[in-house]
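J.:
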Ligand SMILES: Nc1ncnc2c1ncn2[C@@H]1O[C@H](COP(=O)(O)OP(=O)(O)O)[C@@H](O)[C@H]1O
Ligand SMILES: [Mg+2]
């Protein structure tokens with residue numbers, strides 16, 4: 009496929025996705041009839057109240073879980089047809105994850121945390137060092153590289169997590185409540201970082217229940233009880 013055709017093809021193509029969990033012998037639906045396309049370069053917020061299915065949807069979009077029903081293509085690849093190993097490779101190469109609780113390894117320095125996914129990818133030592141240092145510099149933490157997470161503030165830890173997410177230059181960043189554990193000023197700084205990354209060409213999907221955060225995205229998808237009830241600003 010030519011580059012132009014690849015860029016016109018949606019990065020994310022979800023059709024009639026459905027998912028539920030077995031609870032006491034009964035299937036409780038959590039996502040229903042989710043269809044959506046997300047294109048390269050979009051900045052999307054997925055909003056909805058607690059329990060509406062946002063994290064379940066993120067797990068599907070991030071290839072951390074596979075939905076019971078429907079189809080999902082990421083960059084043209086049918087996720088359902090891939091082995092666990094291949095899925096792990098796709099996650100590593102195509103998706104940068106950012107979580108509410110940062111999920112940094114406490115015994116590793118900021119630098120080592122950022123370097124780790126590049127090791128999994130078999131990147132050569134020199135290249136890895138350059139990529140990890142560059143991304144820490146990008147989030148303004150060049151001088152804190154050798155600190156462990158416990159020596160950093162919440163905002164700094166989340167910036168390390170962002171550096172880790174972008175170090176391998178994935179096309180897409182997936183963030184689940186990235187500002188949820190931060191005060192509003194620090195949360196706003198994290199959002200400015202996300203805007204900059206979007207301007208550099210990363211596709212960004214942020215899951216949040218905070219409207220002031222969501223309003224900084226170009227497109228807002230609202231889910232309620234596991235269904236898309238609004239999709240505002242789509243189509244770039
Ligand atoms: N592993 C699980 N097993 C059973 N129920 C789950 C599981 N994960 C989520 N749920 C249920 O699915 C619903 C949606 O959860 P979630 O996707 O975490 O929502 P949100 O992120 O919007 O708060 C909730 O009712 C939750 O209790
Ligand atoms: Mg959630």
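Residue numbers (the numbering used here): 9 to 244.
C-beta: ideal position from N, C-alpha, C; glycine also.
#1: By alpha-carbon positions, which one of 53, 43, 46 and 103 ends up nearest to residue 72?
#2: Excluding the five sequence neighbours on either side, which residues of its own chain have a C-beta within less than 8 Å of the C-beta of residue 285, listed in chain order?
#3: Quick one, are the C-beta atoms of residue 183 and residue 106 less than 9 Å apart?
#4: Whole-angstrom Cβ separation of residue 236 and residue 42, contact assumed at under 8 Å?
#5: My understanding is that residue 215 touches residue 66, with C-beta atoms under 8 Å, so please give their C-beta distance in whole angstroms.
#6: Pick out the complete beta strand (DSSP E) segments inside the region 193-232, 3 residues or longer, and give them in chain order.
#7: Please determine if the region 139-150 and the region 166-173 are in contact, where contact requires at least 3 C-beta pairs separated by less than 8 Å.
#8: Can you have a look at residue 180 and say buried or exposed, based on whether 16 or more other CB atoms are within 10 angstroms of its CB?
#9: When burial is assigned at 16 or more other CB atoms within 10 Å of the CB, is residue 128 buried or exposed?
#10: Just to confirm the assignment: which complete beta strand (DSSP E) runs, minimum length 3, are found wholly within the region 61-96?
#11: Hey, is residue 187 close to ligand 2, as in C-beta under 8 Å from one of its heavy atoms?
#12: Where do the ends of the beta strand (DSSP E) carrying residue 44 lie?
#13: Does DSSP put residue 120 in a helix, in a strand, or in coil?
#14: Which runs of the alpha helix (DSSP H) spanning at least 4 residues fall entirely within the region 113-176, listed in chain order?
T.: Reading it off the structure:
#1: Closest by alpha carbon: 103.
#2: This structure cannot speak to residue 285, because the chain is shown only from 9 to 244.
#3: Closer than 9 Å, so yes.
#4: Going by Cβ atoms, the distance from residue 236 to residue 42 rounds to 6 Å, so yes, they are a contact pair.
#5: Confirmed, Cβ separation roughly 5 Å.
#6: For the region 193-232, whole beta strand (DSSP E) runs of length 3 or above, ordered along the chain, are 211-216 and 227-232.
#7: Counting C-beta pairs closer than 8 Å gives three or more between the region 139-150 and the region 166-173, which meets the contact rule.
#8: So residue 180 counts as buried.
#9: Around the Cβ of residue 128, a 10 Å sphere holds fewer than 16 other Cβ atoms; the residue is exposed.
#10: Runs of the beta strand (DSSP E) spanning 3 or more residues and lying entirely within the region 61-96 occur at 77-82, in chain order.
#11: No - ligand 2 has no heavy atom lying nearer than 8 Å to the Cβ of residue 187.
#12: It spans 34-46 - the beta strand (DSSP E) in which residue 44 sits, taken as one unbroken run.
#13: Residue 120 falls in the helix class under three-state DSSP.
#14: Here the runs fully enclosed are 118-128, 133-146 and 162-174.
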